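Protein sequence lines correspond, in order, to chains P, H and R.
Take 504 as the starting number for the first sequence in our numbering and just add one per residue.
Take 174 as the starting number for the second sequence in our numbering and just add one per residue.
Take 394 as the starting number for the third sequence in our numbering and just add one per residue.
Remarks on the structure that follows.
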Amino acid sequence: MNRKPRRTFRQRLFTVLESLPFLAPLLIFLAILYGMLAWTLYVSMANWVGTAPNYEFVGLKWYQMMFRLDRFRVDMTNNVKWLSLGVLPTVALALFLAYMLEIGSVKRIEGYVRTLILYPVAMSFVVTGTIWSWMYQPDKGVLNTILRAIGLTELIGRYTTNPATATYWLILIFIWQYLGFAVIILQSSFRTTELQEMVEAAIVDGASKLRILFSVIVPNIRGGILILISLLLISALKVFDIVYVVTFGGPGYSTDVLALFMFIATFQQHLVALGAGLGMIIFLMALVIVIPYTIYAFRKWFE
Amino acid sequence: MRIRGLSTQLIVLLVTLVLTGVYVLPIYVMVMTSLKTPVEISQRAYLIPTRNLQFQNYAEAFRLIYPSLINSSIISFAVTLLAVFFGGLGGYYLSRSRSPFVRVLFILVGVALYLPYQVILIPLVQLMAKTRLALTYAGLIVSYLILNVPLASVLMGTFFLSIPRELEEAAQVDGANRLQLFFRVVSPISLPAYASTAIIVFTQVWNEFLLALTLSTPATTTIQVKLAEVKGSFVALYNIQMASALIGVLIPLSFFLFLGRYFIRGVLAGALKG
Amino acid sequence: MKKMTPLYSMLLVLILLLSACGPARTPTAPAPAVTIVVVTATPAPEPKKLEIFHWWTAGGEREAADAMFKAFKDKMPDVEIVENPVAGGGGVSHRVVLQARLSAGLPPDTWQTLGGAELKSYVDGGYLEPLDDLWAELNYAAVIPGPLAKAVTINGHPYVVPLNMHIQNILYYNKALFDELGLQPPATYDELIAVAKAIKEARPEMSPLALGTKEKWEAAFVFDSILLEVGGPEHYVKVYKGEVDVKNDPAYKEALQKLEALIPYIYPYHAGLTWDESCGLVVAGDAAMVLMGTWAIGYFQSRGWTPGKEFSAVTFPQKPERILLFHPDTYGLAKGAPHPKTTIEWLKVVASPELQIPTDVTQGGLFARIDIDPANFPDPIRRELQTYVRNNPDKLILDQHGSIAPFSFTQAYWDVIAAFIAQPNVDGTLSSVADLLTTYNVKAEAAWYQWP
């Protein structure tokens with residue numbers, strides 16, 4: 504850190520050598536990652552159809568075809584639904600839960616609730632997805648059976664078999680799956696000494712619980728909330744397994760999303776170039792989402 | 174911070190009950206299904222317990238998934254250890270250097286975290302084939318490292334940022350170089366960060382399906398691939414699949430419990446004060 | 394000393410890096426041998442090994458695969474079989490793995506593929522060796538039905554050896570219920586509607602026709618049967634060869650309208666079920682009939698139903714003539730296969746009755762060879778079907794899975810038909826289908842298929 508102001512060549516070489524063990528692995532993996540991204544970008548402008556690679560350059564042909572497809576429009580609409588409805592309710596719920604666990608609970612309840620809502624993170628979605636498709640079955644599925652049993656027949660729904668609402672029910676599974684993760688992240692950002700002291704002070708001042716939440720806690724955990732929102736946005740954007748297992752994009756392609764279409768285009772339709780193009784679209788959308796976060800993180804990091 | 178009060182207690186109780194319902198129900202259905210026969214599953218009476226409990230489903234499931242549990246453990250633990258190690262090194266550098274190069278690197282790493290990995294599936298497989306790593310443990314391990322080292326670097330770096338520099342400066346005066354600083358001073362006090370990063374990486378690798386499907390052979394089949402396989406395509410043995418999943422979840426769950434107490438004091442704890 | 398330490402540490406890191414790649418050389422992973430053989434020139438003595446990809450992973454199919462390998466082991470006892478079974482309905486995941494491996498230059502010796510468009514995509518990619526000599530040696534074209542040979546012959550060369558035939562258009566029904574209500578299994582669309590009406594009246598809580606469209610192709614099965622009856626077999630082939638102007642085609646439109654009229658009798662929540670769950674509806678008494686391929690026989694048996702007793706089956710439709718829509722499971726020889734000689738031996742076994750009889754009886758299809766006695770089948774359904782194929786080998790047409798049209802079209806087409814059953818819109822569907830036919834260039838891509 505406190506080097507002499509004038510550095511000799513030897514000293515510079517020394518810093519490079521010194522930083523190499525720290526940076527080398529990261530640099531290697533990053534280089535591979537970006538190399539593959541460039542490759543995908545090129546393939547999206549090549550004419551690869553079928554099982555054999557074809558690197559003939561055709562420009563934006565596949566992007567033009569993509570924009571013409573009705574399925575692509577459905578996907579974009581659905582992805583926007585996922586991004587908005589999958590993220591904000593999860594954050595709100597998680598904030599409420601984390602706050603509740605912090606202020607009002609007994610130690611044992613906290614541990615119980617945390618384990619309870621965290622297990623979906625540890626479990627294979629191939630399996631929990633199958634369970635959810637059984638939960639949602641309209642005629643004999645779990646939810647409707649329960650509703651019938653307790654007499655709430657007017658609440659009985661068609662869930663994922665109704666093309667108009669199916670995506671919303673899928674998003675609900677996403678919230679179920681990520682809630683525990685979100686609570687953990689928020690809880691850990693509660694746990695700073697400064698914040699704890701501020702809350703104690705607010706309690707002494709006799710502030711109401713809601714007031715403490717919105718005027719003391721939320722402004723002080725902006726960073727945690729922002730990280731959470733970005734992580735959730737990206738998971739929602741990349742969402743694949745929930746749709747794949749529970750509806751496979753159906754009814755028809757009404758619940759299809761970009762990631763699933765990309766999978767189908769590449770491996771089922773053998774339109775590898777189109778699949779690569781869809782991948783680039785997902786990546787571009789991710790960039791748009793990530794930019795504000797990266798700017799924020801960048802400022803915090805190098806302040 | 175604890176605020177006690179009757180209304181708060183009531184809300185807590187109510188919310189806990191609702192959560193219990195929402196989160197126990199799927200597990201209940203899962204356990205019930207794992208104990209049924211295929212014929213009973215066709216009846217779709219998911220909530221009704223069977224009178225004829227098929228505990229041998231678990232024996233059957235264990236027999237089927239045992240090798241893949243070993244494979245998954247080898248791969249996940251290897252990736253977790255290496256990713257956390259490399260991530261720690263990279264993250265430390267990111268958090269300590271202020272050069273323009275590192276600023277660019279930071280952005281590149283940040284963006285890399287959000288690559289949808291389906292985008293790189295085909296080039297990755299081609300790369301693995303060219304380097305002759307495909308179809309081996311090493312191939313899967315390296316692939317997962319490529320995807321997880323940037324993430325681990327950012328997570329670890331975030332934590333290192335919160336460590337006061339005074340400690341390092343004191344050691345530096347004593348003549349320690351960077352690596353010694355990192356291994357002797359910084360790493361020992363960063364164990365919680367290592368633990369949380371390990372949990373995140375482990376979960377990602379353990380649950381990954383698509384790459385494992387593409388790059389594995391019968392000798393390296395992971396648990397996720399096996400779980401998709403035990404159901405079969407023409408007979409639909411959901412009971413065996415559910416039993417397998419319940420056995421399979423024990424490993425990540427015990428790993429969580431083992432490291433869990435660190436998790437809450439996790440990476441974000443100190444670093445993001447506002 | 395102080396200057397040495399960073400260098401020393403770097404070395405340490407390098408060693409760690411190398412050891413990260415270490416497991417490739419441990420004996421626990423037997424696969425590297427395969428990889429190396431691919432890349433190096435063919436060594437003089439070929440290792441006694443066969444690497445094979447298939448998707449028969451569990452239940453009855455696992456046993457069928459075992460029967461297959463047993464037949465091979467009987468002929469070639471010293472060959473080690475390295476199989477890579479990849480699960481997933483009809484080989485969905487299997488194709489993901491194969492595509493990645495093939496484009497990376499890591500082919501197995503041989504892999505399971507359906508005939509028709511899927512096979513063509515491998516042939517077009519240059520991944521398969523033509524098998525003219527083997528076919529001539531075995532005289533295989535003479536012992537299998539003509540349409541089956543045509544389905545695996547691309548640009549004049551046979552590329553694979555089929556080991557079975559699956560029939561798509563079979564209507565399974567609850568026999569006890571039909572007996573009780575005095576119903577005859579329907580042979581035409583009108584009879585199907587009549588039967589469905591009768592069932593709906595007698596059992597209002599029951600869906601006459603089960604269906605699960607989660608994987609989409611199931612929807613096309615139902616539509617195909619109707620289209621086959623309305624337009625006849627020549628028209629059916631022309632539609633999927635892209636030679637019909639679907640938008641202005643009265644027969645296609647009529648078939649869609651008839652499908653729409655059938656919807657009230659179909660299980661309403663089909664979008665949430667896979668095909669096996671839809672057959673489960675029949676077993677559980679929630680539905681009376683289901684249109685499904687021959688593989689459903691194995692499913693019903695696994696649920697304790699005996700063919701001819703609890704359930705029975707007819708091909709549907711039987712008018713204007715009794716056509717069987719089919720696809721084969723086949724194996725070929727990879728270009729650049731690590732063990733080509735062993736693979737040829739394997740293919741000879743695949744063509745033999747010694748393999749086909751135990752495998753097909755277990756797995757659920759018909760024998761590819763029509764010189765095998767149909768009496769080998771334990772169930773009356775397949776005995777009857779095999780006898781029909783034996784006497785009328787030209788009544789076979791490629792189905793949805795075997796696919797006359799290219800896969801790029803077929804996948805999108807299934808979605809459209811599944812969407813139609815969820816929300817019928819005849820004119821919208823007509824233009825969507827017409828659109829898909831041009832977008833995916835079906836006319837040129839499907840020109841290879843000849844029928845009759």
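Beta carbons are placed, not taken as given, at the ideal position from N, Cα and C, and that holds for glycine.
Here the structure is a predicted model, which is why all the values come from computation and not from measurement.
In the DSSP assignment, Leu689 of chain P falls within the unbroken alpha helix (DSSP H) covering 669-693.
DSSP, read as helix, strand or coil, puts Thr797 of chain P in helix. In this structure, Gln694 of chain R and Asn557 of chain R do not form a Cβ contact; the two beta carbons are roughly 17 Å apart against a cut-off of 8 Å.
Listed in chain order, the alpha helix (DSSP H) runs fully inside the stretch 623-661 of chain P are 628-639, 645-652, counting runs of at least 4 residues. If the five residues before and after Ala739 of chain P are omitted, its C-beta is found closer than 6 Å to the C-beta atoms of Trp585, Leu586, Gly589, Val590, all from its own chain and listed in chain order.
Neighbours of Gln397 of chain H in chain P, taken as residues whose beta carbon is under 7 Å from its own, are Ser627, Val629 in chain order. Judged by DSSP in its simplified three-state form, Leu572 of chain P adopts coil rather than helix or strand. Note on geometry: alpha-carbon atoms of Asp583 of chain R and Gly509 of chain R lie some 31 Å from one another. Shown here, Ser207 of chain H sits in a helix according to DSSP, grouped into three states. For Asn557 of chain R, the enclosing beta strand (DSSP E) stretches over residues 557-560.
Taking C-beta separations shorter than 6 Å and ignoring five residues to either side along the sequence, Glu402 of chain H has no partners in its chain. Excluding its 5 nearest sequence neighbours in each direction, Thr376 of chain H has C-beta neighbours in its own chain below 7 Å: Pro425, listed in chain order.
Contact annotation for Tyr662 of chain R against chain P: Gln640, Pro641, Asp642, Arg661, Thr664 [CB-CB distance below 8 Å, chain order].
Interface annotation, Ser547 of chain P: not in contact with chain R, CB-CB separation never under 8 Å. Within the stretch 276-306 of chain H, contact with chain R at the beta-carbon level (separation under 8 Å) is assigned to Leu294, Ile295, Val298, Gln299, Met301, Ala302, Lys303, Arg305, Leu306. Under the three-state reduction of DSSP output, Gln182 of chain H falls in the helix class.
Under the Cβ criterion of 8 Å, Pro592 of chain P is not counted among the residues facing chain R. DSSP places Pro601 of chain R in the strand class (E or B) of the three-state scheme. In summary, the residues of the stretch 504-527 of chain R whose CB is separated from some CB of chain P by less than 7 Å are Ser514, Tyr515, Asp517, Gly518, Gly519, Tyr520, in the order they occur in the chain. For Lys442 of chain R, the enclosing beta strand (DSSP E) covers residues 442-447. None of the residues of the stretch 574-606 of chain R has a beta carbon lying less than 9 Å from any beta carbon of chain H. For Gln771 of chain P, the chain R residues whose Cβ falls inside 8 Å of its Cβ are Val485, Arg488, Phe800, Gln804, in order along the chain. Residue pairing by DSSP places His720 of chain R opposite R:His559 in a beta bridge. Under a 10 Å Cβ-count criterion, Lys609 of chain R is classified as buried, with 16 or more other Cβ atoms of the shown protein chains found around its own Cβ. Per the coordinates, the alpha-carbon of Tyr645 of chain R lies some 13 Å from the alpha-carbon of Ser825 of chain R. Shown here, Ile221 of chain H sits in coil according to DSSP, grouped into three states, outside any helix or strand. Under a 10 Å Cβ-count criterion, Glu511 of chain R is classified as buried, with 16 or more other Cβ atoms of the shown protein chains found around its own Cβ. Taking CB atoms only, Thr450 of chain R has a neighbour in chain H less than 8 Å away. Our two residues, Ile634 of chain P and Ile336 of chain H, have alpha carbons roughly 44 Å apart in a direct line. Close to Trp637 of chain P, with beta-carbon spacing below 7 Å, are these residues of chain H in chain order: Val202, Tyr219. Measuring C-alpha to C-alpha distances from Pro222 of chain H to each of H:Val204, H:Leu237, H:Gln345, H:Phe235 identifies H:Val204 as the nearest. Proximity of chain H to Trp565 of chain P at the Cβ level (cut-off 7 Å) is not reached, the minimal Cβ distance being about 15 Å. For the stretch 762-791 of chain P, residues whose beta-carbon sits nearer than 7 Å to a beta-carbon of chain R comprise Ile767, Phe770, Gln771, Gln772, His773, Leu774. The stretch 772-780 of chain P and the stretch 565-581 of chain P touch, with three or more beta-carbon pairs separated by less than 8 Å. Per the coordinates, the alpha-carbon of Ile420 of chain H lies some 8 Å from the alpha-carbon of Tyr231 of chain H. Straight across, the Cα-Cα distance linking Thr193 of chain H with Phe717 of chain P is about 27 Å.
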